[in-house]
Amino acid sequence: AKRVYLFSEGSKDDRELLGGKGANLCEMTNLGLPVPFGFIITTPTCREFFEGGNQLPNLLEQEYRVALDLVEKEMGARFGDPDNPLLFSVRSGAPVSMPGMMNTILNLGLNDEIAAGLARKTGNPRFAYDSYRRFIQMFADVVLGVEGEKFEHEISRYKAEHGKTLDTDMSAEDWQAIIAVFKQITDFPQDPFEQLRLAVEAVFLSWYTPRANVYREMNNIPETLGTAVNVQAMVFGNFGEDSGSGVAFTRNPSTGEKTFFGEFLFNAAGEDVVAGIRTPQPIDALNSGLPEVYDELYKTQALLEKHYRDMQDIEFTVQEGRFYMLQTRSGKRTGRASIKIAVDMVGEGLISEKEALMRVSPEHVEAFLHPMVDPSAKQDIVTIGLPASPGGATGAVVFSADEAVEVNRDGTAVVLVRRETTPEDIHGMKVAEGILTELGGMTSHAAVVARGMGVCAITGAGGLTIDYEAGTATTEDGVVISRGDIITLDGTAGEVMLGDIPKTEASSSEDFQVLLSWADKHRKLKVRANAETAEDAAKARELGAEGIGLCRTEHMFFESERIPLMRAMILAEDKRERKKYLKELQAYQHADMLELFKVMKGLPVTVRLLDPPLHEFLPHTRDDMEALATRLGKSVETIAEATENLNEVNPMLGFRGCRLSVVYPEITKMQVKAIIGAAAEAAELGYKPFPEIMIPLVVNVREIRLITDIIDRGIYKVLKQKSISLPYRIGTMMETPRACLGADRLAPEVEFMSFGTNDLTQMTYGFSRDDAGRFIPQYLDKKLIENDPFVSLDQRAVGKLMAMAVADSKARKKGIKYGICGEHGGDPRSVRFCHELGLDYVSCSPYRVPVARIAAAQANV
Ligand code: ADP
Ligand code: MG
Ligand code: MG
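See below:
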C-alpha cells in the first residue's frame with residue numbers, strides 16, 4: 002500500500018491513516034491556508050516498523066524521497082544543499098491527539114557546512130547558529146538518547162561565564178562556541194538523509210516512550226493505532242524581531258466564552274512556547290506589533306472553527322512578517338467550557354442538540370461539579386499566577402511527581418508544585434488535587450493537561466522561587482511554603498492561599514441545565530440515586546434523579562444514637578428481648594422513611610432490606626464492649642462471647658442479605674412495618690409514596706417466596722389497620738451468579754430486578770471487593786485485566802450474566818422492571834452497556850446523577 006502522502010493528498014477524514022495532525026495539515030493545505038509543505042508516512046507503516054523488528058520497510062526510503070523531491074520543488078529549496086538549504090521538522094501524530102507525548106525534531110538537515118550556508122544565504126548568522134544548536138540538542142536528545150539536561154547545563158555555564166542571561170543576549174559567535182561544546186558531548190550524523198532516516202525511526206520508537214504509554218492508558222487509547230510521521234518544511238520563529246511563535250484557542254478554553262484567546266512569543270521557536278520555558282505575552286501583543294499578521298491569524302482561526310464546527314487549538318509561526326499555520330485540532334477544554342461551547346454552538350446553528358450532547362465528556366460534567374473556593378472565605382493570599390484550570394483544591398505541598406504519588410498513596414490530598422511540568426510528570430499530576438507552576442502560560446503543558454483532567458491548576462506564578470533541593474517555594478514577600486505544608490489553590494482566580502480554605506459546593510449554570518434538559522429529552526434510560534438520608538435525596542432530586550434506586554436501610558442504623566439499639570437487638574437472648582429493641586428501631590426507621598417519601602414525592606423509593614453481616618454492627622474494641630455491657634446490664638464476657646459467636650471466616654459470603662430474613666424473620670417484619678407505616682403516613686399527609694421493597698442476595702426462588710410472604714402479610718396488616726391503599730412493588734437484587742443463572746425461575750415472583758453489580762462482580766470473579774485493592778493494581782499493571790471491574794462493569798462475564806438474566810426472566814414474564822444499583826450505575830461506559838441491555842434505570846450516588854443523565858443520552862443518540 003501507499004506509505005507516503007503529500008499534504009495535498011489527504012483530508013481531515015484520514016485520521017486513521019495519517020494521524021490527526023497529518024490529516025489536519027492536509028485539510029488546511031486544501032483550504033488554501035499557508036501551511037509549510039510536506040509529506041506524511043502513514044500509521045500502518047509504524048505497525049510494519051514494529052512488526053519487522055524495529056526496521057523501516059525496505060522501499061520506504063525510496064518512497065519518501067520521491068515525495069521529498071516534490072516538496073523541494075514546491076518550496077524552492079533543497080534538502081542538503083548548503084547554498085539553498087531546505088530544513089524539515091519531523092513530527093509525530095497519532096490518530097488520537099496525544100499532545101506532547103511523542104517526539105518532534107526540528108531544524109533537521111543542518112550540518113556544519115549547511116549551517117554556514119544558511120547563515121550566508123539569510124544574512125542572519127545568529128539565527129542560523131541558534132537553529133543549528135537547537136537541532137543538535139533535539140536530535141541528540143530524541144534520536145541518540147543523550148540527556149537534554151547536559152546541553153542546558155552547558156548553555157547556563159557559558160552564559161554565566163560570559164555575563165549573559167537571556168537567549169536573546171546570545172550572538173552568532175556565542176552560539177557557535179556552544180555548538181563546539183555540544184559536538185564534544187555528542188556525535189551526530191552530518192549526512193542530512195541519514196539524519197532523516199534516524200529521525201523517522203525515532204518518531205516511530207517514541208510510540209512506546211513511558212510517558213506515551215501512561216497517556217494511552219489514562220485515555221484508553223489502543224496501542225495498535227501507531228503514529229504517523231509528518232515531515233514538514235521548517236519556518237522560523239527565531240529569525241528576528243518580526244518573527245515569533247504562538248498558540249491560540251478559538252474560544253476561551255477555561256470559561257468557554259466566545260473570545261479569541263492566545264499567546265505569542267516574539268523571536269522564538271514554537272518549542273519555547275509549548276514547553277513553557279518562557280512565559281509568553283497575550284495575543285494582543287501581536288496585534289500591536291504586527292497588525293497585518295494578527296488580522297490573518299484572526300481570519301484563519303474563525304475560518305477553521307467554522308470549518309471544523311468545533312473550538313480549535315492552533316499553533317502558528319511568523320517568519321519575517323509572514324504567517325504560517327502549523328497545526329489545528331479540537332481544543333482541550335474544561336468541563337465548564339465544554340458545556341458552554343456546546344450549548345452556544347447549538348445557538349449559533351453550528352451543531353445540533355445531539356451533537357452538543359456528544360461533545361461533552363462525562364468527565365467534563367463531573368469536573369463542572371467540582372468545588373470552588375468560597376470567595377468570602379479567602380485569606381492569606383500569598384501569591385498569584387494564571388488561572389489555568391478552574392476549581393478549588395487543598396492539599397499538602399509536594400515538589401515532584403514521584404513524591405505526589407508517594408504521599409497520596411494513603412489518600413492524602415496533595416498539591417504538586419513545580420517550576421514547570423513536562424509529560425514526564427503525568428503520573429503525579431494525575432493524583433494531585435491541584436497543580437501550581439512558577440513558569441509557563443495558559444497554554445503550557447501544566448495548563449493544558451490539568452484542564453483536560455479537570456484538575457485545578459495555577460501556572461506562571463512568577464513570584465515564586467522554587468528550591469527543589471530544600472523543598473521550599475518562597476513568595477516575593479518572603480513567605481516560605483515548605484514540603485508538606487497545606488495550601489489552597491483557586492484555579493479560577495489564580496490565587497494561592499495558605500491553609501485549608503473552605504470551598505462552596507459546585508454551582509450550577511444555565512448552560513448546564515440546558516444541556517441536561519437535552520439529555521433528558523434524548524435518553525431512554527431513567528436515572529435514580531442511591532440515598533438514605535433526606536438530605537442526599539434532596540440533592541439527588543436537585544440533580545435530576547427520578548427516584549431512589551437503592552436505600553440501604555442498614556445505613557440508618559449505623560448512627561451513633563442508634564447503633565447501641567442495633568447491638569442490643571442483635572445480642573438479645575430471646576425473641577421477646579429482640580422484639581423490644583426492634584420496636585425502638587422501628588420508630589427510627591419509620592421516621593427516616595417518612596422523610597424520604599416526603600422528599601421523593603411520588604417517585605419510586607427502592608428500599609433494600611437489611612443486608613450486611615450482623616457482626617459489622619458489633620463492638621470490636623474492649624472499651625466499646627464494656628460500654629455496651631454497662632448500657633445493657635450484661636457482663637462484658639457475655640458481649641465478648643456473643644461477638645465472637647457472630648464472627649465469620651468469610652463474612653461477605655456468610656450470614657447476610659436475605660439469609661438474615663430467613664433466620665430472623667422478626668427483623669424483616671419490623672422493617673416492612675416501618676417502611677409501609679411511613680408510606681401510609683406520608684399518604685395521609687398528602688404525599689404520594691411509592692415504596693419498592695427489595696430482597697438482597699437471593700439465590701433461589703424459595704427464598705423469595707418465603708420472604709415475600711412475610712412482606713405481603715406485613716403490608717396487608719398495616720394497610721388494613723390504616724384503611725388505606727398504596728402502590729408498591731416487591732422485587733429482588735440480582736447479585737449472585739445463581740440468581741442470574743436461574744432468573745427464569747425467579748421471574749414469576751418479582752416485579753423488579755435490580756442488579757447489584759458490586760456483589761455480582763465480587764462473586765463472579767471471586768475477588769473480595771474489600772481486599773482486591775492489594776492486587777488489582779498489579780493486575781492492571783501486568784495487563785491481566787483492562788479495567789478495575791469494580792469501577793467499570795466487566796461486560797464480558799458479569800455483563801453476560803446480566804444479559805442472560807434479563808433475557809430469561811423476560812421470556813418467562815413480561816413487565817418486570819430492570820435496574821442496576823452498584824457503583825457502576827454512575828460509570829459512563831457501564832451506563833452505555835445498561836442502555837444496550839435494555840434496562841429501565843441506573844441508580845448511582847447523587848453527584849453522579851448528571852453524569853449518568855448525559856451518559857444515558859449519549860448511549861441513545
Ligand atoms: P506536538 O504534537 O507535541 O504538538 P508538534 O509536532 O506540534 O508537537 O511540534 C512541536 C512544535 O514544534 C510546534 O508547536 C511548532 O512550534 C514546532 N514546529 C513543528 N513543525 C514546525 C515547522 N515546520 N516549522 C516551525 N516550527 C515547527
Ligand atoms: Mg503541536
Ligand atoms: Mg450487595
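Every letter in the sequence shown is one number past the one before it in full-length UniProt numbering, and letter 137, counting from 1, is 138.
The beta-carbon is built from N, C-alpha and C at its ideal position, and this holds for glycine as well.
What residue ranges within the stretch 18-101 form continuous beta strand (DSSP E) runs of no fewer than 3 residues, ordered along the chain? You should have 39-42, 89-94.
Around the Cβ of Ser-726, are there at least 16 other Cβ atoms within 10 angstroms (buried) or fewer (exposed)? exposed
Check: Glu-316 C-beta below 7 angstroms from any heavy atom of ligand 2: yes
Kindly provide the ranges of any beta strand (DSSP E) runs that are 3 or more residues long and lie completely inside the stretch 422-501, ordered along the chain. 435-438, 457-460, 466-468, 473-475, 481-483, 487-491, 496-499
Exposed or buried, what is Ile-786 when buried is set at 16 or more other beta-carbons lying within 10 Å of its beta-carbon? exposed
Please work out which residues of its chain come closer than 6 angstroms, Cβ to Cβ, to Ala-414, disregarding the five sequence neighbours upstream and downstream, and give them in chain order. Gly-396, Glu-434.
At a cut-off of 7 angstroms, would you count Gln-328 as near ligand 2, judging by its Cβ distance to the nearest heavy atom? yes
Could you spell out the range, first to last residue, of the alpha helix (DSSP H) harbouring Glu-316? Where Glu-316 is concerned, there is no enclosing alpha helix (DSSP H), although the beta strand (DSSP E) it sits in stretches over 313-320.
Would the stretch 527-543 count as touching the stretch 844-858 if we require 3 or more Cβ pairs under 8 angstroms? yes
Would you list the one or two residues that DSSP bridges to Ser-561? Ser-561 pairs with nothing; no bridge assigned.
Decide if Leu-840 is buried, meaning its Cβ has at least 16 other Cβ atoms within 10 Å, or exposed. buried
Is the separation between the beta-carbon of Phe-189 and that of Ile-222 shorter than 8 angstroms? no
Could you give the C-beta distance for Leu-747 and Ser-810, rounded to a whole number, given that I count them as a contact under 8 angstroms? 7 angstroms
What beta strand (DSSP E) runs, 3 residues minimum, are completely inside the stretch 629-698? 691-696
By the three-class DSSP mapping on this structure, what secondary structure does Tyr-6 have? Three-state result, Tyr-6: strand.
Per DSSP, what kind of secondary structure is Cys-552 in: helix, strand or coil? strand
Residue range of the unbroken beta strand (DSSP E) whose run includes Ala-748: Element bounds for Ala-748: n/a, residue is neither H nor E.
Based on Cα-Cα distance, which residue from Phe-183, Tyr-130, Leu-586, Thr-166 lies nearest to Glu-150? Phe-183
Where do the ends of the beta strand (DSSP E) carrying Ile-179 lie? Not the beta strand (DSSP E): Ile-179 falls in the alpha helix (DSSP H), residues 173-186.
Determine the direct distance from the alpha carbon of Ile-711 to that of Lys-721, and round the result to whole angstroms. 15 angstroms
Is the beta carbon of Val-843 less than 8 angstroms from the beta carbon of Gly-826? yes
Quick check: the Cα distance between Lys-355 and His-523, rounded to an integer number of angstroms? 8 angstroms
Skipping 5 residues on each side, what residues in its chain have a beta carbon closer than 8 angstroms to that of Gly-20? Ile-41, Thr-44, Ser-93, Gly-94, Ala-95, Pro-96, Thr-228, Ala-229, Asn-231
For ligand 1, is there a heavy atom less than 7 angstroms away from the beta-carbon of Glu-264? no
Would the stretch 252-263 count as touching the stretch 337-357 if we require 3 or more Cβ pairs under 8 angstroms? yes
Which residue comes first and which comes last in the alpha helix (DSSP H) that contains Leu-298? 292-309
Please list, in chain order, all residues of the same chain as Asp-468 whose beta carbon is under 8 angstroms from its beta carbon, the five residues on each side excluded. Ala-474, Thr-475
Looking only at DSSP bridge pairs, what is Lys-527 linked to? Tyr-842
Considering Asn-214, what are the terminal residues of the alpha helix (DSSP H) in which it resides? 211-219
Cβ neighbour criterion (16 or more within 10 Å) applied to Thr-301: buried
Quick one: is the Cβ of Pro-281 within less than 7 angstroms of any heavy atom of ligand 1? no
Which of the three DSSP states is assigned to Pro-503 in this structure? coil
Going by DSSP, which residues form a beta bridge with Ala-394? Leu-490
Lys-259, DSSP secondary structure in three states: coil
In the structure shown, what three-state DSSP assignment does His-622 receive? Strictly speaking, residue 622 in this sequence is Thr, with His absent from that position. Thr-622 falls in the coil class under three-state DSSP.
Inter-residue spacing [alpha-carbon to alpha-carbon] between Glu-649 and Glu-574: Going from the Cα of Glu-649 to the Cα of Glu-574 covers about 20 angstroms.
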